[in-house]
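Written out below as structure tokens is the structure these notes cover.
There are 2 protein chains.
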Amino acid sequence: MSKAIMVIGTLDTKGDEVRYLKEQIEARGHETIVVDVGVLNETPFQADVARQEVAKAGGLSLPEILASSDRRVAVQTMMDGAIKIANELHQTGKLSGVVAVGGGTGTHICTGVMRTLPLGVPKLMVSTVASRDMSQEIGTKDITMMHSVIDMLGLNAVSKKILANAAGAIVGMVETDVGLTPTRPLVGLTVFGFCTEGAMHVKSLLEARGYEMVAFHANGTGGMAMEDLVDQGVLSGVLDFATHEFADQLYGGYCGGIGPGRLEAAGRRGIPQVVVPGGLDCIVLEFDSPETIPPQFRDRKIFWYDFRSGVRTSKEEMKTLAQTIAGKLNKARGPVKVVIPLRGWSEADGEGAPLHEPETNQVFIAELKRLLRPQIEVIEVDAHINEPEFAEAAVATLDEIMHR
Amino acid sequence: MSKAIMVIGTLDTKGDEVRYLKEQIEARGHETIVVDVGVLNETPFQADVARQEVAKAGGLSLPEILASSDRRVAVQTMMDGAIKIANELHQTGKLSGVVAVGGGTGTHICTGVMRTLPLGVPKLMVSTVASRDMSQEIGTKDITMMHSVIDMLGLNAVSKKILANAAGAIVGMVETDVGLTPTRPLVGLTVFGFCTEGAMHVKSLLEARGYEMVAFHANGTGGMAMEDLVDQGVLSGVLDFATHEFADQLYGGYCGGIGPGRLEAAGRRGIPQVVVPGGLDCIVLEFDSPETIPPQFRDRKIFWYDFRSGVRTSKEEMKTLAQTIAGKLNKARGPVKVVIPLRGWSEADGEGAPLHEPETNQVFIAELKRLLRPQIEVIEVDAHINEPEFAEAAVATLDEIMHR
Numbered sequence: 001m002s003k004a005i006m007v008i009g010t011l012d013t014k015g016d017e018v019r020y021l022k023e024q025i026e027a028r029g030h031e032t033i034v035v036d037v038g039v040l041n042e043t044p045f046q047a048d049v050a051r052q053e054v055a056k057a058g059g060l061s062l063p064e065i066l067a068s069s070d071r072r073v074a075v076q077t078m079m080d081g082a083i084k085i086a087n088e089l090h091q092t093g094k095l096s097g098v099v100a101v102g103g104g105t106g107t108h109i110c111t112g113v114m115r116t117l118p119l120g121v122p123k124l125m126v127s128t129v130a131s132r133d134m135s136q137e138i139g140t141k142d143i144t145m146m147h148s149v150i151d152m153l154g155l156n157a158v159s160k161k162i163l164a165n166a167a168g169a170i171v172g173m174v175e176t177d178v179g180l181t182p183t184r185p186l187v188g189l190t191v192f193g194f195c196t197e198g199a200m201h202v203k204s205l206l207e208a209r210g211y212e213m214v215a216f217h218a219n220g221t222g223g224m225a226m227e228d229l230v231d232q233g234v235l236s237g238v239l240d241f242a243t244h245e246f247a248d249q250l251y252g253g254y255c256g257g258i259g260p261g262r263l264e265a266a267g268r269r270g271i272p273q274v275v276v277p278g279g280l281d282c283i284v285l286e287f288d289s290p291e292t293i294p295p296q297f298r299d300r301k302i303f304w305y306d307f308r309s310g311v312r313t314s315k316e317e318m319k320t321l322a323q324t325i326a327g328k329l330n331k332a333r334g335p336v337k338v339v340i341p342l343r344g345w346s347e348a349d350g351e352g353a354p355l356h357e358p359e360t361n362q363v364f365i366a367e368l369k370r371l372l373r374p375q376i377e378v379i380e381v382d383a384h385i386n387e388p389e390f391a392e393a394a395v396a397t398l399d400e401i402m403h404r
Numbered sequence: 001m002s003k004a005i006m007v008i009g010t011l012d013t014k015g016d017e018v019r020y021l022k023e024q025i026e027a028r029g030h031e032t033i034v035v036d037v038g039v040l041n042e043t044p045f046q047a048d049v050a051r052q053e054v055a056k057a058g059g060l061s062l063p064e065i066l067a068s069s070d071r072r073v074a075v076q077t078m079m080d081g082a083i084k085i086a087n088e089l090h091q092t093g094k095l096s097g098v099v100a101v102g103g104g105t106g107t108h109i110c111t112g113v114m115r116t117l118p119l120g121v122p123k124l125m126v127s128t129v130a131s132r133d134m135s136q137e138i139g140t141k142d143i144t145m146m147h148s149v150i151d152m153l154g155l156n157a158v159s160k161k162i163l164a165n166a167a168g169a170i171v172g173m174v175e176t177d178v179g180l181t182p183t184r185p186l187v188g189l190t191v192f193g194f195c196t197e198g199a200m201h202v203k204s205l206l207e208a209r210g211y212e213m214v215a216f217h218a219n220g221t222g223g224m225a226m227e228d229l230v231d232q233g234v235l236s237g238v239l240d241f242a243t244h245e246f247a248d249q250l251y252g253g254y255c256g257g258i259g260p261g262r263l264e265a266a267g268r269r270g271i272p273q274v275v276v277p278g279g280l281d282c283i284v285l286e287f288d289s290p291e292t293i294p295p296q297f298r299d300r301k302i303f304w305y306d307f308r309s310g311v312r313t314s315k316e317e318m319k320t321l322a323q324t325i326a327g328k329l330n331k332a333r334g335p336v337k338v339v340i341p342l343r344g345w346s347e348a349d350g351e352g353a354p355l356h357e358p359e360t361n362q363v364f365i366a367e368l369k370r371l372l373r374p375q376i377e378v379i380e381v382d383a384h385i386n387e388p389e390f391a392e393a394a395v396a397t398l399d400e401i402m403h404r
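Quick mapping for you: the protein sequence lines, in order, are chains R and W.
So the first sequence is numbered by this note's numbering: it starts at 1 and just counts up by one.
So the second sequence is numbered by this note's numbering: it starts at 1 and just counts up by one.
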């Protein structure tokens with residue numbers, strides 16, 4: 001069955017490439033919707049959605065854009081317009097995938113459009129800058145980046161091969177008959193290296209109870225990706241096992257980089273969530289020797305790992321973290337429980353482990369209990385986070401609130 | 001027609017995902033060759049190329065790998081083994097594309113394999129870390145990176161959708177009937193922002209003479225990508241219009257990052273090359289105000305651009321650059337000519353432009369002439385690099401040596 005694929009590009013600078021992509025896709029039996037996000041020079045052919053329409057959808061007329069001396073106005077308006085057009089088409093079932101080709105600016109605009117489409121919708125960016133840091137462009141989304149290797153300045157045997165591969169990839173993706181259709185309730189689980197053993201116990205126990213576990217590496221991007229999938233309605237429940245990102249966020253640690261919306265989507269959508277202080281015992285920073293310990297942490301306990309090491313969180317930080325987490329959970333519209341292991345929160349924090357400080361963890365527990373509204377139960381489990389007993393308690397708690 | 005697709009992964013940790021990819025690809029009518037690059041735990045199914053074979057191809061037995069306490073031994077050996085296996089299969093026509101799934105280590109191993117396969121061979125990496133900086137993993141290659149969004153810890157509705165899209169993408173790519181088959185001789189052209197106008201003249205003139213131009217953005221990666229495509233035999237000639245990367249390389253500038261092989265592939269393969277000092281008038285660094293000029297450049301002329309600015313190269317640096325370039329060109333086995341514009345080497349360097357210093361450029365010219373072997377002609381053109389007359393001279397020179 002023929003599908004409709006959106007092809008985005010700045011037709012003034014990438015017109016030949018966009019046309020070639022269009023032709024290749026059509027030759028393989030699918031329809032294309034060409035969207036022009038360029039504003040300057042002439043275009044070699046007529047787009048299905050012309051730049052004037054895109055600009056208008058973005059809130060300005062093309063002359064208004066051209067009158068602005070600020071280049072960012074054009075970039076933002078064309079991105080906003082294309083976002084609106086792509087989402088309208090997708091919501092009315094008229095869009096099966098998106099492919100785009102661009103340099104630095106084109107990649108910025110087109111990935112901005114792709115980031116607004118739900119997970120699973122094929123999104124392919126052919127980019128001259130794919131071999132640079134694309135963390136801002138990809139973010140928490142299932143964007144596929146194809147490095148063009150060469151500069152896209154017209155068609156030649158090399159650019160044709162790259163673009164034909166891209167056309168093949170987007171065609172092959174939209175032809176997939178596998179949908180995003182859970183057969184069992186999906187539970188989001190955050191996972192952090194030092195609590196992996198516990199997370200693996202959780203996985204088995206969740207599956208035994210009829211759930212499917214979707215894991216997110218709690219490294220900044222992962223936690224935010226889980227928030228995204230909650231917002232998209234993909235997940236039915238959350239076991240936020242590794243809230244470690246909040247500790248790293250305090251000092252720009254390795255797993256920091258979360259946005260303000262972390263730990264808020266489940267509450268906002270009212271889906272059940274169980275929260276665990278996995279990894280809040282340590283701040284993970286990039287240093288690997290006594291000489292390279294950041295000065296402000298010289299008096300802390302250290303868990304040496306690889307090129308990264310864990311610094312013990314202080315009592316003061318425990319309070320701050322409890323305040324942050326309580327503030328977010330108190331806003332939740334759905335059921336929430338907090339489950340806390342009393343014998344350690346990661347492999348760095350346990351009997352005999354370098355960051356073991358039960359009295360410091362107690363500061364977090366006390367502060368959290370003090371601040372949480374009374375409807376949010378805090379369950380303390382006399383086990384280590386990586387022990388099966390703890391996983392069982394966490395999973396049983398989630399299972400209970402999911403069946404309410 | 002059924003094609004063979006290699007599916008790589010560490011079967012101990014990503015076995016379910018690899019099997020699902022395999023099944024999805026086979027369901028769409030293609031064959032798979034599963035290669036196991038894991039070394040530790042049990043695998044859920046038998047790979048076509050087992051870990052023992054991969055290790056052996058990499059130069060060690062599996063027990064030898066496991067006996068090493070250095071994790072890097074396992075990683076490097078399995079990568080080396082998979083590289084050997086993939087290239088043997090490709091060279092005997094038994095491999096149409098490669099797809100892999102992995103976390104941090106898996107991405108490192110599998111992109112290492114992909115980087116050794118020629119441009120055009122479909123290469124798709126499904127990676128949990130695709131939203132981090134992948135510049136080392138992608139490098140100068142046409143690797144396509146698909147962000148898995150979630151952690152790959154077993155199958156669920158989300159990972160199945162991501163992997164089905166990946167299977168679709170690699171299948172769609174290998175089904176492409178467009179090959180890398182030039183109909184006209186391909187000429188590699190390096191392009192740098194401040195010489196773009198000149199490069200556009202070159203493009204028209206090359207095309208008028210029956211060549212196809214393949215452009216490379218001279219930003220470190222681009223120059224090295226051109227060297228790669230020369231080595232792969234894709235390019236028939238080189239017009240190294242923007243050798244600017246060498247100036248930036250002196251001080252870690254914006255377009256630095258070239259490897260030691262820059263400006264050497266054409267000479268090594270003996271294909272015709274014309275070299276132009278485009279952009280050697282300036283070192284481009286990231287600063288945008290008098291306060292942020294790096295101290296050692298405070299007494300230099302500055303070309304203010306955007307968040308980057310150009311610092312005038314000194315007479316001393318001109319000598320160094322001439323020595324570097326002459327050393328490389330003197331080793332060339334094929335025809336080489338140097339064509340130099342006397343009225344400026346970029347838009348920063350011309351009559352009235354901030355970095356205009358003809359006497360400094362003369363130091364480069366004199367030193368280059370002194371060092372080049374006599375067979376390498378230096379042609380001086382009384383024009384600016386961005387003027388049509390200069391482009392005509394450069395293209396005519398290349399055309400002449402390509403017809404010898």
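Where is the CB? At the ideal position from N, CA and C, for every residue including glycine.
These figures come from a predicted structure and were not determined experimentally.
Neighbour flag for residue i against chain R, beta carbons, 7 Å
i, result
"residue 216 of chain W", "yes"
"residue 285 of chain W", "no"
"residue 253 of chain W", "no"
"residue 35 of chain W", "no"
"residue 88 of chain W", "no"
Cβ-based burial, residue i [other Cβ within 10 Å; buried from 16]
i, result
"residue 125 of chain R", "buried"
"residue 122 of chain W", "buried"
"residue 343 of chain W", "buried"
"residue 262 of chain R", "buried"
"residue 10 of chain W", "buried"
is_contact[residue i, chain W] using C-beta, thresh 7 Å
i, result
"residue 132 of chain R", "yes"
"residue 405 of chain R", "Past the edges of chain R, shown from 1 to 404, lies residue 405 of chain R, and the structure says nothing about it."
"residue 147 of chain R", "yes"
"residue 84 of chain R", "no"
"residue 182 of chain R", "yes"
"residue 231 of chain R", "no"
"residue 111 of chain R", "no"
"residue 206 of chain R", "no"
Residue span of the beta strand (DSSP E) that contains residue i, given as start and end
i, result
"residue 12 of chain W", "From DSSP, residue 12 of chain W is part of no beta strand (DSSP E) but of the alpha helix (DSSP H) over 11–27."
"residue 405 of chain R", "Here chain R has residues from 1 to 404 only, and residue 405 of chain R is not among them."
"residue 377 of chain R", "377–381"
"residue 258 of chain R", "Premise fails: residue 258 of chain R is in no beta strand (DSSP E) and is neither H nor E."
Check: residue i C-beta below 6 Å from any heavy atom of the ligand GDP
i, result
"residue 398 of chain R", "In the structure on display, the ligand GDP does not appear, and there are no ligands present to speak of."
Pairwise C-alpha distance: residue j and residue i
i, j, result
"residue 329 of chain R", "residue 54 of chain R", "40 Å"
"residue 299 of chain R", "residue 365 of chain R", "24 Å"
"residue 291 of chain R", "residue 282 of chain R", "19 Å"
"residue 203 of chain R", "residue 339 of chain R", "16 Å"
"residue 381 of chain R", "residue 374 of chain R", "19 Å"
"residue 32 of chain W", "residue 139 of chain W", "26 Å"
"residue 214 of chain R", "residue 181 of chain R", "13 Å"
"residue 385 of chain W", "residue 269 of chain W", "27 Å"
"residue 119 of chain W", "residue 208 of chain R", "46 Å"
"residue 311 of chain R", "residue 218 of chain R", "17 Å"
"residue 368 of chain R", "residue 318 of chain R", "9 Å"
Element boundaries [alpha helix (DSSP H), containing residue i]
i, result
"residue 40 of chain R", "Segment: none, residue 40 of chain R is in no alpha helix (DSSP H) and carries neither H nor E."
"residue 89 of chain W", "71–91"
"residue 249 of chain W", "245–250"
"residue 312 of chain R", "Counting along the chain, residue 312 of chain R falls outside any alpha helix (DSSP H), though it belongs to the beta strand (DSSP E) covering 309–312."
"residue 137 of chain W", "135–138"
Contact list for the segment 378–401 of chain W against chain R, Cβ threshold 9 Å: For the segment 378–401 of chain W, the beta-carbon criterion of a distance under 9 Å to any beta-carbon of chain R is satisfied by none of its residues.
Quick one: which residues of the segment 113–131 of chain R get their C-beta closer than 7 Å to a C-beta of chain W? List them in chain order. Going along the segment 113–131 of chain R in chain order, one finds 119, 120, 122, 128, 130, 131 with a Cβ nearer than 7 Å to chain W.
Positions along the segment 2–27 of chain R whose CB lies within less than 8 Å of some CB in chain W: Flagged, chain order: 24.
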